[in-house]
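Undergrad:
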Amino acid sequence: MQEVREMVCIVCPVGCHMKVTSNEGQVTKVEGNSCKRGIGYAEAECTHPTRTLTTTMRIKNGEVPMISVKTDEPVPKSLLMACMEAINKAKIQAPIHVGDKIIENILDTGSNIVATRNCERKA
Amino acid sequence: MEQRELVIIGGGPAGLAAAVEAYDQGIRDILIIERDSELGGILQQCIHNGFGLHIFGEELTGPEYAWRFIEEVKERGIDYKLNTMVLDISEKREVLAVNEEDGLLEIEAKALVLAMGCRERTRGALNIPGMRPAGIYTAGAAQRFVNMEGYLPGKKVVILGSGDIGLIMARRMTLEGAKVEMVCELLPYSGGLTRNIVQCLEDFDIPLKLEHTVTQIHGKDRLEGITIAQVDAHRKPIKSTECFVECDTLLLSVGLIPENELSREAGINMDHITSGPVVNESMETSIEGVFACGNVVHVHDLVDFVTDESRVAGRCAASYLRGKHSSEQEDPIVTKAGEGIRYVIPHHIRHQLLQKENKLFFRVLDIYSDVKLVVRCDDQILYSKKKRKLAPGEMESIPITDQMIVNMEGYSEVTVEIQQSGLGVRECKK
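One line per chain: the protein sequences are A and B, in this order. The numbering of the first sequence is the working numbering, which starts it at 1 and goes up by one. The numbering of the second sequence is the working numbering, which starts it at 1 and goes up by one.
So, in structure tokens, the structure goes:
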């Protein structure tokens with residue numbers, strides 16, 4: 001089945017408005033891009049769009065109530081909300097340091113949830 | 001009165017970078033004064049990624065970017081005081097501060113770096129009529145509630161203003177389970193980065209209503225809804241387009257203002273366009289030995305540029321302290337915002353004190369495509385580059401090269417301007 005999607009390329013600040021035609025999930029035509037990188041972006045967006053997820057987690061016994069975390073590799077866009085649910089269910093305790101793995105291989109995506117800030121135990 | 005070589009006001013990205021740079025240039029007696037309970041400034045609540053591409057060549061989150069500089073400050077053993085509010089600075093560089101532990105602090109500094117950052121415009125600056133119910137926050141305040149304190153300010157949200165903070169908060173509130181009804185933007189274009197429009201709005205099917213504003217607030221104790229309306233070419237609401245939107249929360253992302261109460265009180269010359277101090281190539285203000293950097297000078301969109309600028313301030317503060325930096329020099333070259341340019345930083349340049357890392361930072365007035373960006377002294381072109389696209393939301397910079405420095409000699413003014421190239425079309429308001 002042929003599908004036409006409009007998208008804005010975000011590879012660089014120019015922000016080309018592109019018309020992307022795909023057939024059975026395969027990109028067949030990209031229009032409106034002004035460089036090659038637009039095609040790569042359009043293909044990734046149509047076949048396997050991914051995003052880095054950043055969020056926070058409540059932490060027990062910490063000097064602060066929340067710590068910030070991220071996926072260390074981008075995860076499929078369609079799994080963002082499911083990842084949020086899994087992250088919100090997890091329980092963590094201070095101390096935590098930048099780069100600590102908090103959840104390994106979240107939802108079998110191959111990506112880990114890692115801490116992006118330090119949190120020592122409450123004095 | 002306590003004596004210090006260098007006092008830095010503000011422990012955010014600007015203050016941290018200036019402190020580290022001054023230390024590396026040989027200054028040991030440095031004190032950073034920070035009003036929050038930790039270093040890092042606003043980066044600590046900016047948990048999204050995209051920071052550090054220029055400085056570190058990788059995408060970091062705000063807290064990670066802050067952490068790298070906090071580590072550098074700690075490794076060097078640079079002194080800092082947290083939970084400490086500076087109340088006043090004098091033109092003699094006397095700093096009056098207060099905290100719970102020391103009470104009132106009086107410090108005499110040989111040099112000062114102002115790195116107080118900026119704050120958000122609030123509802124009061126917009127004059128939206130209606131009641132004063134709970135549920136109306138600036139986007140940054142909501143960001144702090146969600147990301148630092150762990151509170152969700154509401155469930156059904158409208159965001160006014162499509163700058164980056166507004167867009168980022170639209171995604172953040174959605175991820176945390178709130179329904180973001182729409183983002184309204186007064187202008188015909190968003191002030192935010194394109195990738196934020198895609199990843200924060202389009203990913204979550206949040207409508208962006210351009211040329212729309214909020215005309216009425218409803219609800220007595222808690223916000224119950226707002227009236228929105230389309231605006232005409234003069235940005236005046238069109239009555240017939242008014243409609244009611246039910247919501248319990250309104251987030252305002254309507255601009256940032258450099259926080260310069262201290263600078264004004266000290267009598268520092270201010271630029272009414274940037275709302276920041278007038279600075280020279282060394283990021284020195286009109287008071288000798290008082291430097292300024294980061295969002296207190298002009299609002300940046302990338303922290304990487306704040307770091308660049310603050311390193312210049314830190315380094316120049318160090319050379320000032322070593323006596324290598326005399327204010328008695330030939331007349332400075334004035335930078336001028338020409339056609340299509342809103343402002344240029346620094347405001348003046350002492351030709352012989354220019355350094356390799358010096359850049360001209362500026363913003364354009366409107367959206368332009370296929371134009372030429374030109375730097376010139378009278379008729380002499382120092383720099384010219386074709387630009388596919390220029391937008392007010394994206395700060396531009398031009399490095400000052402050795403050749404430009406040579407060519408500037410003898411001139412009293414250098415102008416940055418936009419020139420329409422042959423086919424250039426100015427994408428003006430519809």
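No residue lacks a Cβ here, since even glycine has one placed at the ideal position from N, Cα and C.
Any contact of the stretch 304-317 of chain B with the stretch 119-135 of chain B, i.e. 3+ C-beta pairs under 8 Å?
TA: As far as the Cβ criterion goes, the stretch 304-317 of chain B does not touch the stretch 119-135 of chain B, which means the pair count is below three.
Undergrad: List, in order along the chain, the chain B residues whose C-beta lies closer than 8 Å to that of A:Met-66?
TA: The contacting residues are Asn-147, Met-148, Glu-149, Gly-150.
Undergrad: Less than 8 Å between C-beta atoms, sequence neighbours within five positions excluded: which residues of the same chain meet that for A:Met-1?
TA: Once the five neighbours on either side are set aside, the close Cβ partners of A:Met-1 are Asn-23, Glu-24.
Undergrad: In chain order, which continuous runs of the beta strand (DSSP E) of length 3 or greater are located wholly inside the stretch 4-35 of chain A?
TA: Listed in chain order, they are 17-23, 26-31.
Undergrad: B:Arg-4 CB to nearest chain A CB: under 9 Å?
TA: No - not a single Cβ of chain A is within 9 Å of the one on B:Arg-4.
Undergrad: Is the Cβ of A:Arg-37 closer than 9 Å to any Cβ of chain B?
TA: No, because no Cβ of chain B sits closer than 9 Å to the Cβ of A:Arg-37.
Undergrad: Apply the 10 Å Cβ neighbour rule to B:Asp-331 and answer buried if 16 or more other Cβ atoms are within range, or exposed otherwise.
TA: Counting Cβ neighbours within 10 Å, B:Asp-331 comes out exposed, since fewer than 16 surround it.
Undergrad: Quick one: complete beta strand (DSSP E) runs, 3+ long, within the stretch 380-416 of chain B?
TA: Listed in chain order, the complete beta strand (DSSP E) runs (minimum 3 residues) inside the stretch 380-416 of chain B are 380-390, 396-399.
Undergrad: Can you tell me the Cα-Cα spacing of B:Gln-71 and B:Gly-150, whole angstroms?
TA: The question names Gln, yet the displayed sequence has Glu at residue 71 of chain B. Going from the Cα of B:Glu-71 to the Cα of B:Gly-150 covers about 26 Å.
Undergrad: Under the three-state reduction of DSSP, which class applies to B:Leu-244: helix, strand or coil?
TA: Contrary to the premise, residue 244 of chain B reads as Phe rather than Leu in this sequence. DSSP places B:Phe-244 in strand when its eight states are reduced to three.
Undergrad: Compare the Cα-Cα distances from A:Ala-44 to each of A:Thr-56, A:Glu-63, A:Lys-77 and report the closest residue.
TA: Checked all of A:Thr-56, A:Glu-63, A:Lys-77; the closest Cα to A:Ala-44 is A:Lys-77.
Undergrad: Note down, in chain order, each residue of its chain lying with its Cβ closer than 8 Å to the Cβ of B:Ile-341, except the 5 sequence neighbours on either side.
TA: Same-chain partners within the cutoff: Phe-362, Arg-363, Val-364, Leu-365, Val-416, Glu-417, Ile-418.
Undergrad: Taking DSSP as the reference, what is the three-state secondary structure of B:Arg-93?
TA: In this structure, B:Arg-93 counts as coil in the three-state DSSP scheme.
Undergrad: Helix, strand or coil for A:Tyr-180, going by three-state DSSP, please let me know.
TA: What is shown of chain A runs 1 to 123, which leaves residue 180 of chain A out entirely.
Undergrad: What is the rounded straight-line gap between the Cα of B:Gly-166 and the Cα of B:Gly-154?
TA: Roughly 15 Å separates the two Cα atoms.
Undergrad: Among A:Lys-70, A:Gly-38, A:Cys-83, which residue has its Cα nearest to the Cα of A:Lys-101?
TA: Residue A:Lys-70 is the option with its Cα nearest to A:Lys-101.
Undergrad: Which residue marks the beginning of the alpha helix (DSSP H) containing B:Thr-174, and which one marks its end?
TA: 164-175 is the extent of the alpha helix (DSSP H) around B:Thr-174.
Undergrad: In the structure shown, what three-state DSSP assignment does A:Pro-74 receive?
TA: Reduced to three states, the DSSP call for A:Pro-74 is coil.
Undergrad: Might you give, ordered along the chain, the residues of its own chain that have their beta carbon closer than 8 Å to the beta carbon of B:Gly-117, omitting 5 neighbours on each side?
TA: Once the five neighbours on either side are set aside, the close Cβ partners of B:Gly-117 are Gly-10, Gly-12, Ala-14, Gly-41, Ile-42, Pro-258, Glu-259, Gly-294, Asn-295, Val-296.
Undergrad: Residue range of the beta strand (DSSP E) that B:Leu-210 falls in?
TA: First-last of the beta strand (DSSP E) with B:Leu-210: 208-210.
Undergrad: Are the Cβ atoms of B:Leu-186 and B:Arg-144 separated by less than 9 Å?
TA: No, they are not a contact pair.
Undergrad: Is it true that the CB of B:Leu-252 sits closer than 9 Å to the CB of B:Tyr-137?
TA: Yes, Cβ-Cβ distance for B:Tyr-137 and B:Leu-252 is below 9 Å.
Undergrad: Report the residue from B:Gly-57, B:Arg-35, B:Gln-44 whose alpha carbon sits nearest the alpha carbon of A:Ser-68.
TA: Of the listed residues, the one whose Cα sits closest to A:Ser-68 is B:Gln-44.
Undergrad: Return the CA-CA distance between B:Ala-266 and B:Arg-4, expressed in angstroms with no decimal places.
TA: Computed Cα separation, rounded: 18 Å.
Undergrad: Does DSSP classify A:Val-114 as helix, strand or coil?
TA: A:Val-114 falls in the strand class under three-state DSSP.
Undergrad: What are the boundary residues of the alpha helix (DSSP H) that includes B:Leu-126?
TA: Residues 123-126.
Undergrad: Which chain B residues sit within Cβ distance under 9 Å of A:Thr-116?
TA: Near A:Thr-116 (Cβ distances below 9 Å), the residues of chain B are Ile-47, Asn-49, Leu-60, Thr-61, Gly-62, Pro-63, Glu-64, Trp-67.
Undergrad: Would you report the Cα separation of B:Ala-97 and B:Ile-107, rounded to the nearest angstrom?
TA: If you take the alpha carbons of B:Ala-97 and B:Ile-107, they lie about 8 Å apart.
Undergrad: Whole angstroms is fine: what's the gap from B:Arg-93's alpha carbon to B:Leu-112's?
TA: For B:Arg-93 and B:Leu-112, the distance between alpha carbons rounds to 7 Å.
Undergrad: If you follow the alpha helix (DSSP H) that B:Gly-289 is in, where does it begin and where does it stop?
TA: Here B:Gly-289 belongs to no alpha helix (DSSP H), and DSSP marks it neither H nor E.
Undergrad: Where does A:Asn-61 land, buried or exposed, given buried means 16+ other C-beta within 10 angstroms?
TA: The residue is exposed, with fewer than 16 neighbouring Cβ atoms inside 10 Å.
Undergrad: Taking beta-carbon pairs under 7 Å, can you tell me which members of the stretch 4-20 of chain A lie near chain B?
TA: Listed by position along the chain: Val-8, Ile-10, Pro-13, Val-14, Gly-15.
Undergrad: Which residues of the stretch 7-35 of chain B have a Cβ closer than 7 Å to any Cβ of chain A? Give them in chain order.
TA: Flagged: no residues at all.
Undergrad: Below 8 Å between beta carbons is the criterion; list the residues of the stretch 96-121 of chain A that meet it against any residue of chain B, in chain order.
TA: Those residues of the stretch 96-121 of chain A that come within reach of chain B (Cβ to Cβ, closer than 8 Å) are Val-98, Thr-116, Arg-117, Asn-118.
Undergrad: Can you list, in chain order, the residues of its chain whose CB lies under 8 Å from that of A:Ile-39, leaving out five sequence neighbours each side?
TA: Hits under 8 Å: Val-27, Val-30, Asn-33.
Undergrad: When you compare only the Cα positions, how much space is there between B:Arg-119 and A:Arg-37?
TA: Taking the straight line joining both Cα atoms gives about 37 Å.
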